[in-house]
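Below: one structure, written as structure tokens.
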Amino acid sequence: GEREPENVISVNGQGRASGEPDLAQIVVGVETRAETAREAAEENAEKMSAVREALRGLGVDEKDIQTTNYTIQPELKFDQFVKIEQRVIGYVVSNQVLIKVRDLDRVGEMLDAVTEAGANNIFGISFTIEDMQPLLDAAREQAVADARHKAQQLADFAGVRLGDLLNISEFSGGGPPPIFFERAALALGAGGEAAPPISPGTLEITVEVQLSYEIEQ
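Each step along the sequence shown adds one to the number in our numbering, with nothing skipped, and position 148 is 144.
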């Protein structure tokens, strides 16, 4: 095979791009208890139907409301003296949906609306950017330009010339983690208080590349 060049300049370059989130994702749940599984399921279906109706009323598309978890479990009572003895005292039905909200100004209003409609679990809210590609492209372009500049600078300082580009690698990429608000931070307004203000901030994406150039003698 070909001989590997011995004289090489390798540099890392970094690029960043930031943007404002345009999509919020909220996971809400309805949990119901009753003596029979059927009663618990019926009550749950009624409340979840009201939650979906409230969301549609606020302009959320049906395709942006997705069931993520549905369980029916017996509620057991243990005898405190005989641990192995237990009896069913009722049933718990849990239904969770993921809601995609594209109008970020209405997130607080939606949290209020779903709670009023019967949702009794708010698991958190995350903000993200639906199409990351333009940000990734910008960060990559910046990272490569940064690496090329460093390589040229090193070559100039060393009094040599850059030859062919031998290798290019990307170390990081992909989307930034979404901005996540914990459930504790989502205490909802009660008794006619204003909807909670939710501020998504900005998301930053970072890309790192490595370029290796042959040094011309």
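Each residue gets a CB set at the ideal place from its N, CA and C atoms; glycine is no exception.
| Asked | Found |
| --- | --- |
| I need the DSSP call for I5, collapsed to helix, strand or coil. | strand |
| Run the CB neighbour count on G9, radius 10 Å, all protein chains shown included, and call it buried at 16 or more, exposed below. | buried |
| Taking the continuous alpha helix (DSSP H) assigned at N40, which residues delimit it? | A33 to G53 |
| Identify the continuous alpha helix (DSSP H) that holds A134 and give its terminal residues. | Q129 to A154 |
| Which term fits A135, buried or exposed, when burial requires 16 or more other beta carbons within 10 angstroms of its beta carbon? | buried |
| Compare the Cα-Cα distances from S14 to each of D133, V24, H145 and L158 and report the closest residue. | D133 |
| Could you work out which residue in I61, V47 and E39 is closest to I68 when comparing CA atoms only? | E39 |
| For G188, does the three-state DSSP call read helix, strand or coil? | Caution is warranted here: a pLDDT of 42 is assigned to G188, below 50, making its placement in the model unreliable, and no coordinate value can be reported. |
| Name the one or two DSSP bridge partners that R29 has. | V88 |
| How about I125 and L199: do their beta carbons lie closer than 7 Å? | yes |
| If we count Cβ pairs, one from each stretch, closer than 8 Å, do we get three or more for the stretch 135 to 144 versus the stretch 44 to 58? | no |
| How many Å lie between I211 and L161 at the Cα? | 10 Å |
| Where does the unbroken beta strand (DSSP E) through V205 begin, and where does it stop? | L199 to E212 |
| Based on Cα-Cα distance, which residue from T63, D57, T32 and G155 lies nearest to E71? | T32 |
| Buried or exposed, going by whether 16 or more other CB atoms sit within 10 Å of the CB of D101? | exposed |
| Buried or exposed for A113, going by 16 or more other Cβ atoms inside 10 Å? | buried |
| Alpha carbon to alpha carbon, how far is S165 from V205? | 5 Å |
| Taking the straight line between their C-alpha atoms, what separation do you get for N116 and L19? | 23 Å |
| For V23, I'd like the list of residues in its chain whose CB is within less than 7 Å of its CB, leaving aside the five on either flank, ordered along the chain. | T64, Q92, L94, F119 and G120 |
| Is it right to say A141 is buried, meaning 16 or more other beta carbons lie within 10 angstroms of its own, or is it exposed? | exposed |
| Helix, strand or coil for G159 per DSSP? | strand |
| For M108, does the count of other Cβ atoms within 10 angstroms reach 16, so buried, or fall short, so exposed? | Met is not the amino acid found at residue 108; the sequence shown has Asp there. The residue in question, D108, is buried, as its Cβ has 16 or more Cβ neighbours within 10 Å. |
| State the Cα-Cα distance for the pair V56 and K96, rounded to the nearest angstrom. | 8 Å |
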